[in-house]
Amino acid sequence: MESIIKIFSSHGTLIQPDTLEYILKKDDPEEFSNRIISQLKEYPLILTLNQVKELEENLDETIDLPHAGIDEEEISKHIPSIRQITIPVEGEIGQSSIQFKEEIKDNGREIISTSTWKPVAKEYQSDIKIIKDITGKSLSEGSTEDFAKLFSDRFETLRKILRTQRREVAQVIPINRLKKVDFKEIQLIGIVNEVRTTVNGNRLIELEDDTGIVTAIALKKQSDVFQQAKLVLEDEIIGIVGQLSKQGDLFVISKIVFPDISLNNHHHTTDIPIYAAFIGDLHVGSREFMEHQWNLFIKWLKGKLGNIRQREVAGRIKYLIIPGDVVDGIGVYPNQEKDLIITDLYKQYEALADYLSMIPDYISVIIQPGNHDAVRPAEPQPTFEKEIQDLFTGNDITFIGNPCSFTIHGVEILSYHGQSMLDYATRISTLKYNEPLEIMKVMLQKHHLAPVYGGYTPLAPEHRDYMVIDRIPDIFVTGHVHLAGIGEYRGVTLINASSWQKQTGYQKMMNFIPNPAKIPIAELHTGKVTMMDFNSI
Ligand code: FE
Ligand code: ZN
Numbered sequence: 028m029e030s031i032i033k034i035f036s037s038h039g040t041l042i043q044p045d046t047l048e049y050i051l052k053k054d055d056p057e058e059f060s061n062r063i064i065s066q067l068k069e070y071p072l073i074l075t076l077n078q079v080k081e082l083e084e085n086l087d088e089t090i091d092l093p094h095a096g097i098d099e100e101e102i103s104k105h106i107p108s109i110r111q112i113t114i115p116v117e118g119e120i121g122q123s124s125i126q127f128k129e130e131i132k133d134n135g136r137e138i139i140s141t142s143t144w145k146p147v148a149k150e151y152q153s154d155i156k157i158i159k160d161i162t163g164k165s166l167s168e169g170s171t172e173d174f175a176k177l178f179s180d181r182f183e184t185l186r187k188i189l190r191t192q193r194r195e196v197a198q199v200i201p202i203n204r205l206k207k208v209d210f211k212e213i214q215l216i217g218i219v220n221e222v223r224t225t226v227n228g229n230r231l232i233e234l235e236d237d238t239g240i241v242t243a244i245a246l247k248k249q250s251d252v253f254q255q256a257k258l259v260l261e262d263e264i265i266g267i268v269g270q271l272s273k274q275g276d277l278f279v280i281s282k283i284v285f286p287d288i289s290l291n292n293h294h295h296t297t298d299i300p301i302y303a304a305f306i307g308d309l310h311v312g313s314r315e316f317m318e319h320q321w322n323l324f325i326k327w328l329k330g331k332l333g334n335i336r337q338r339e340v341a342g343r344i345k346y347l348i349i350p351g352d353v354v355d356g357i358g359v360y361p362n363q364e365k366d367l368i369i370t371d372l373y374k375q376y377e378a379l380a381d382y383l384s385m386i387p388d389y390i391s392v393i394i395q396p397g398n399h400d401a402v403r404p405a406e407p408q409p410t411f412e413k414e415i416q417d418l419f420t421g422n423d424i425t426f427i428g429n430p431c432s433f434t435i436h437g438v439e440i441l442s443y444h445g446q447s448m449l450d451y452a453t454r455i456s457t458l459k460y461n462e463p464l465e466i467m468k469v470m471l472q473k474h475h476l477a478p479v480y481g482g483y484t485p486l487a488p489e490h491r492d493y494m495v496i497d498r499i500p501d502i503f504v505t506g507h508v509h510l511a512g513i514g515e516y517r518g519v520t521l522i523n524a525s526s527w528q529k530q531t532g533y534q535k536m537m538n539f540i541p542n543p544a545k546i547p548i549a550e551l552h553t554g555k556v557t558m559m560d561f562n563s564i
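If you count by our numbering, then the sequence shown holds residues 28 to 564, one letter each, in order.
Written out as structure tokens, the structure is:
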């Protein structure tokens, strides 16, 4: 047994107990494990039983795939349509840090003496409108009735989107009429009760609407439908197109329809040249909080660090958006105390307030909670209580819930901390926890942030499904995975907002390498995104 665990752990992958049990039943578990490993394009954090079974299907047609790197360069190759530039703060390339420090000093003196640096953002009033947020609207008591309301709202909202926006299911019929019609091609919309792989390797989907239930099948030999079926999650709303089998007991799927985004989707821009910067997962209170890099960031924001171009960028930043895990919290994972430098929750927020007070006062800060924060763990999460909000004085701060849709000068942002990315990565074999942008694309295709009930993401049964993406944002930002990435999907800018916490002991144990102290910056008047890097100085 240990040798099997070792085969996987040497690649940084953990296997779940049921997966291990499954492997141990094989004739030669070691050989089987090695063959499974050879099937992996990348090594996931956790290998689930479903993933192993799916990989097993391909074992006969083994192709040796290169182990792709997972750096930003690799990600950017998949998203060629966006201009992605990482701007290291000056001094990173070809200069020793000592020379650089002197240069900053000189620059600093120069700025102070000539005071040529004028922040453009200071000339504009902030303009924030909250569009969709659970804060103050929670109705959930956790009753069965609440759950019924949540799922019926999810169904109604997404059925409407599917019917009106997807031609393929515009002629949808109720499931109970299935046997009464004589169409060549039948269209259905429903919630996925169950999805699994059959012994023959086909994908079975049980679909339900308000009139009935049907068992549908995506045949393995029909590769395009089968690939689509691999993306289907339990509890999500999908459209299917197909025919009843001759015996009339199975619905054979010819196409699966996700809501998706129109190819003509238009990205809104501002007419004023201001920027929004994203700083995710600060984890104040953690021993690994990167105070040195934070101080450099503040220096840069104040126009005292960087070359002329970089200081100009700093001066255009009007908004700082923080998508969750603003403090490290307490009792979030076992033995967290030893990783904390501030062990009192309120003191963590006080320290955060001190750090944020360093930010120039013309910059508006938008703060969202994450799974480490002092709000209810179930999503959607309302924002912080008044006693925490009152700790922050001096800056213009807007507290929002998680998730939240809001606009800044008419540019719409969907901000979601991102806890459900683990559910996506463990249930869909083509997605990986360390490729958040790919997961975000699938979320947009499904128009849902966290469909699976009973997975890793706790969901509160609100009467409206706040996790549905019923408005297409211009910018979609997540945090949580502590990676930094920028991308694009059908006119929507995708951002994963890095973190301000070095690798923790827990992450080391899980062999997870974060990509901290980077700042994605959205140019609101052009739609372009760039990234600042505060690591090498
Ligand atoms: Fe975090
Ligand atoms: Zn988190």
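C-beta atoms are modelled at their ideal positions from N, C-alpha and C, and glycine is treated no differently.
Residue burial is scored here from C-beta neighbours: residue 197 has fewer than 16 other C-beta atoms within 10 angstroms and is therefore classed as exposed.
The beta carbon of residue 308 sits closer than 7 Å to at least one heavy atom of ligand 2. Distance check between residue 484 and each of 539, 541, 408, 442 places 408 closest, using alpha-carbon atoms only. Between the C-alpha atoms of residue 74 and residue 452 there is a straight-line separation of about 10 Å. Taking a cut-off of 7 Å from the heavy atoms of ligand 2, the residues with a C-beta inside it are 308, 351, 352, 397, 398, 399, 444, 445, 446, 506, 507. Counting along the chain, residue 268 sits inside the beta strand (DSSP E) bounded by residues 264-271. Contact between the stretch 341-353 and the stretch 499-516 is present: three or more C-beta pairs spanning the two stretches fall below 8 Å. The beta carbons of residue 267 and residue 288 sit about 20 Å from each other, so the pair does not count as a contact at 8 Å.
Between the C-alpha atoms of residue 544 and residue 320 there is a straight-line separation of about 7 Å. In the same chain as residue 548, and ignoring 5 residues on each side of it, the C-beta atoms closer than 6 Å to its own belong to 302, 304, 557, in chain order. Residue 356 is positioned such that its CB atom lies closer than 8 Å to that of residue 372. With respect to residue 180, residue 400 sits apart: the two C-beta atoms are not nearer than 8 Å. Taking residue 259 as the centre and dropping the five residues before and after it, the same chain places the C-beta of 219, 222, 230, 232, 265, 283 closer than 8 Å to its C-beta, in chain order. Taking the Cα positions, residue 335 is about 9 Å away from residue 144. The alpha carbon of residue 246 has as its nearest neighbour, out of 225, 366, 298, the alpha carbon of 225. Setting aside the 5 residues that flank it on each side, residue 386 is surrounded in the same chain by 325, 328, 347, 392, 422, each with a C-beta closer than 8 Å to its C-beta; the list follows chain order. Between the stretch 470-488 and the stretch 168-183 there are three or more C-beta pairs closer than 8 Å, enough to call the two in contact. A heavy atom of ligand 1 is found nearer than 7 Å to the CB of residue 526.
By the criterion of at least three beta-carbon pairs nearer than 8 Å, the stretch 518-534 is in contact with the stretch 451-471. In this structure, residue 441 places its C-beta atom within 8 Å of the C-beta atom of residue 430. Closest in alpha carbon position to residue 559, among 366, 384, 337, 529, is 337.
For residue 509, the CB falls within less than 7 Å of some heavy atom of ligand 1. Uninterrupted alpha helix (DSSP H) stretches at least 4 residues long and entirely within the stretch 486-561 occur at 532-536, given in chain order. Nearest neighbour of residue 212 by Cα position, chosen from 203, 228, 195, 227, turns out to be 195. Contact between residue 427 and residue 395 holds, since their C-beta atoms are separated by about 5 Å, short of 8 Å.
Here residue 553 is exposed, its C-beta having fewer than 16 other C-beta atoms within 10 Å.
Collapsing the DSSP output to three states places residue 307 in coil. Rounded to whole angstroms, the gap between the alpha carbons of residue 47 and residue 455 is 19 Å. With respect to the C-alpha of residue 269, the residue from 445, 208, 299, 457 having the closest C-alpha is 208. Put simply, of 475, 550, 530 the residue whose alpha carbon is nearest the alpha carbon of residue 261 is 475. Bridge pairing for residue 215: 267 [DSSP]. Bounds of the alpha helix (DSSP H) holding residue 380 are 372-384. Annotation for residue 307: 350, 506, 524, 525, 526 place their beta carbon closer than 6 Å to its own, counting only its chain and skipping 5 residues before and after.
Counting every other CB atom within 10 Å of its CB across the protein chains shown gives residue 360 a total below 16, marking it as exposed.
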